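S.K.: Encoded as structure tokens, here's the structure I'll be asking about.
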Amino acid sequence: MRLWTRVALLTAILLFPAGVAAAQRDVPYVYQGTVHAVKAGAVDLITGVGHALRLVRMRTLPTTEVATPSGDATLSALKPGDVVRADCRKTDAGLVADRIEIKRPRS
Amino acid sequence: MTRHGVAAVVVLACLAAACRPVKPGDPVRGLSKAERDRFARGKVVFDSVFTPATGLGPLFNSVACGECHEDPVAGGSGDEVEVHAAAFKGGVCDPLIEEGGPVVQQNATPALKQALGIDKEPVPPSATAQAGRSSPVVFGRGLLDAIPDAAILANADPNDLNGDGISGRPNRFFDGRLGRFGRKALVPTLDEFNAGAFPIEMGITNPAVRTEETIGGKPIPAGVDPLPEPEINQEALDLTNGFVRLLAIPTPAKHGRQEKRGSAVFSEIGCAACHIPLFWTGDSPVPALRNQEVAAYSDLLLHDMGPELADICLGLATPSEFRTEPLIDLREQTRFLHDGRATTPEQAVDLHGGEGSAARDRFKALPAADRAALVAFLKSL
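As they're listed, the protein sequences go chains A and B. Just so you know, we're using the working numbering here: the first sequence kicks off at 1 and counts up by one. Just so you know, we're using the working numbering here: the second sequence kicks off at 108 and counts up by one.
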């Protein structure tokens, strides 16, 4: 019994970091910002306030959903200057956008 | 003392307080006790000196808000000139965020120096221009913040339809909101300007900006910035905002005949077309900032100032466009213009180009007495 307890504890300890890493990958990342650039398979968002500007680059996939105030759309609807909310997740290859909602199109 | 006597003393004391000139660093009048207390507590944060142990850096321009905004008191101007950079290509402005722009910090913490061997941030390699930026007074910024957008936009004339040679156009933040703060009027609100200033100037993250800036676009080396983000909390940020928001515009010096003549000349030769003397604030959560007259001497719009002054672009502002600088507390200043290149008001007027050329030329053509009157007026502000 004691041996099994030790094995179970050791297994848990060894697996824990991987579990944490997997959990971190699954943690949703939500960004609100302004579209800076739309490239093939990627979107750059300007976030931050004042002169403390930050650039967040996210990959887009064919499955990335795009929503506009007037309904669903495709990635081609994204334009620099659009104010968006992007629901992302972290992957080994970087940030991936699952859904991008255009909150306010560029005026 | 009779009841009437006490009442008279109270009335006289109130009148005396109301007539006392507002000094640099004073709060706006009419604050509640709670607001005055927060103003005092905010000043403590404003004057706080940060160290690497309390979050400073790894890149920074200064160790405290009050290090750059210090003369003659907290909230005043400073002798520091910082460096900004951006790229302007094909009419498009890139603030070069990926390369560490638009603010290029001039200091590094010892840990960053040790890790990368640098003592300041490198200038973005893609920059097409660099700019010097002096530290202005921040008196009256809460009043500027409370001016309604519509009042600012009412003075815009981007295509100079009235043919007076003055265009005036608004800058807008990346999300389309009207900008008014900063030398290029990029930033829409005072709270945002302050929240951005903590990380940009001191490397202090806060609830509004939770990530440190990269080092010229590259990640911060491990162990160089060990303090968890955010490095100050919302309370500290709110207190700082409260202090800056409530700083009053100092009362101008008493106007004699010469200053009064100078004020008239200021309008006659066209300075007041951009340096609009008065605005009114709109609604504000702070009663003392609500529906108040603001002696801004600015339209908070962008104007083309000519090729000699041109430096970086920012937002919609082209390299030669600058926001009309508010003329506040000029009598304490020893440096003028956005980069402090002028050492006297006359020199600053002389350096006006572009849309300011006509007013500048009229200034130069004035009789000596009127020129002196105008300068006396400026030095009274």
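Note that the Cβ used here is the ideal one computed from N, Cα and C, for glycine as well. Every value quoted in this text rests on a predicted model; they were computed, and no experiment measured them.
Is the separation between the beta-carbon of Leu-166(B) and that of Glu-206(B) shorter than 7 Å?
M.R.: The answer is no: Cβ separation not under 7 Å.
S.K.: Hey, is Ile-307(B)'s beta-carbon within less than 7 Å of any beta-carbon in chain A?
M.R.: It does: the Cβ of Ile-307(B) has a partner Cβ on chain A nearer than 7 Å.
S.K.: Is there a Cβ of chain B sitting closer than 7 Å to that of Val-96(A), yes or no?
M.R.: no
S.K.: On the premise that Ala-292(B) lies in contact with Leu-409(B), defined as a C-beta separation below 8 Å, what is that separation, rounded to the nearest angstrom?
M.R.: Their Cβ separation, rounded to whole angstroms, is 6 Å, which keeps Leu-409(B) and Ala-292(B) in contact under 8 Å.
S.K.: Should Gly-50(A) be flagged as near chain B, meaning a C-beta pair shorter than 7 Å?
M.R.: Closer than 7 Å: yes.
S.K.: Please name the residue in Ser-233(B), Pro-394(B) and Val-331(B) whose C-alpha comes closest to that of Ala-194(B).
M.R.: Ser-233(B)
S.K.: Out of His-382(B), Asn-301(B) and Thr-388(B), state which residue places its alpha-carbon closest to the alpha-carbon of Leu-434(B).
M.R.: His-382(B)
S.K.: Tell me, please, whether the CB atom of Ala-194(B) is closer than 7 Å to any CB atom in chain A?
M.R.: No, its Cβ sits nowhere closer than 7 Å to a Cβ of chain A.
S.K.: Mind checking Gly-363(B): buried by the 16 CB within 10 Å criterion, or exposed?
M.R.: exposed
S.K.: Check the Cβ of Thr-318(B) against every Cβ in chain A and list those closer than 7 Å, keeping chain order.
M.R.: Arg-54
S.K.: Would you call the stretch 339 to 358 of chain B and the stretch 198 to 216 of chain B touching, i.e. three or more CB-CB distances under 8 Å?
M.R.: By the Cβ rule, the stretch 339 to 358 of chain B does not count as touching the stretch 198 to 216 of chain B, because fewer than three pairs are nearer than 8 Å.
S.K.: Looking only at its own chain, which residues have a Cβ that is under 7 Å from the Cβ of Asp-457(B), when we skip the five neighbours before and after it?
M.R.: Arg-467
S.K.: Quick one: Cα of Leu-285(B) to Cα of Asp-226(B), how far?
M.R.: Distance between the alpha carbons of Leu-285(B) and Asp-226(B) is about 36 Å.
S.K.: Of the choices Val-129(B), Ile-339(B), Glu-177(B) and Leu-416(B), whose alpha-carbon is the least far from that of Asn-158(B)?
M.R.: Correcting the residue type first, residue 158(B) is Thr in the shown sequence and not Asn. Here the closest residue by C-alpha is Ile-339(B).
S.K.: To the nearest angstrom, how far is it from the Cα of Ser-184(B) to the Cα of Lys-150(B)?
M.R.: 15 Å
S.K.: Using a Cβ-Cβ distance under 7 Å, would Pro-326(B) count as near chain A?
M.R.: Not one chain A Cβ lies under 7 Å of Pro-326(B).
S.K.: I need the DSSP call for Arg-478(B), collapsed to helix, strand or coil.
M.R.: helix
S.K.: Can you round the beta-carbon distance between Val-64(A) and Asp-98(A) to whole angstroms, since I take them to be within the 8 Å contact cut?
M.R.: A quick correction: the sequence has Thr, not Val, at residue 64(A). Right, the Cβ-Cβ distance comes to about 6 Å (below 8 Å), so this counts as a contact.
S.K.: For a cutoff of 7 Å on Cβ pairs, would you count Phe-300(B) as touching chain A?
M.R.: yes
S.K.: List the residues of chain B that Thr-131(A) touches, going by C-beta distances under 7 Å, in chain order.
M.R.: As shown, chain A starts at 1 and ends at 107. That puts residue 131(A) outside it, with no answer to give.
S.K.: Out of curiosity, what's the CA-to-CA distance linking Gly-173(B) and His-191(B)?
M.R.: 20 Å
S.K.: Does the distance from the CB of Ile-311(B) to the CB of Leu-407(B) come in under 7 Å?
M.R.: no
S.K.: Would you kindly report the start and end of the unbroken alpha helix (DSSP H) that includes Glu-462(B)?
M.R.: Where Glu-462(B) is concerned, there is no enclosing alpha helix (DSSP H), given that its DSSP letter is neither H nor E.
S.K.: Considering just the uninterrupted stretch of the beta strand (DSSP E) at Asp-98(A), what are its terminal residues?
M.R.: 94 to 104
S.K.: Identify the continuous beta strand (DSSP E) that holds Gln-237(B) and give its terminal residues.
M.R.: 236 to 242
S.K.: What distance in whole Å lies between the Cβ atoms of Val-316(B) and Ala-52(A), which are believed to be in contact at a cut-off of 8 Å?
M.R.: That belief holds up - the Cβ atoms of Ala-52(A) and Val-316(B) are roughly 5 Å apart, short of 8 Å.
S.K.: Which residues, taken in chain order from the stretch 190 to 223 of chain B, show a beta carbon closer than 7 Å to some beta carbon of chain A?
M.R.: Pro-202, Ile-204, Glu-205, Pro-209 and Val-210
S.K.: Report the CB separation of Pro-62(A) from Ile-102(A) in whole angstroms; it is logged as a contact under 8 Å.
M.R.: 18 Å between Cβ atoms; not a contact.
S.K.: In angstroms, rounded to a whole number, what distance separates the CA positions of Gly-323(B) and Gln-399(B)?
M.R.: 43 Å
S.K.: Can you pull the chain A neighbours of Gly-289(B), defined as C-beta to C-beta under 7 Å?
M.R.: His-51
S.K.: Apply the 10 Å Cβ neighbour rule to Ala-147(B) and answer buried if 16 or more other Cβ atoms are within range, or exposed otherwise.
M.R.: exposed
S.K.: Any beta carbon of chain A sitting closer than 7 Å to that of Gly-369(B)?
M.R.: no
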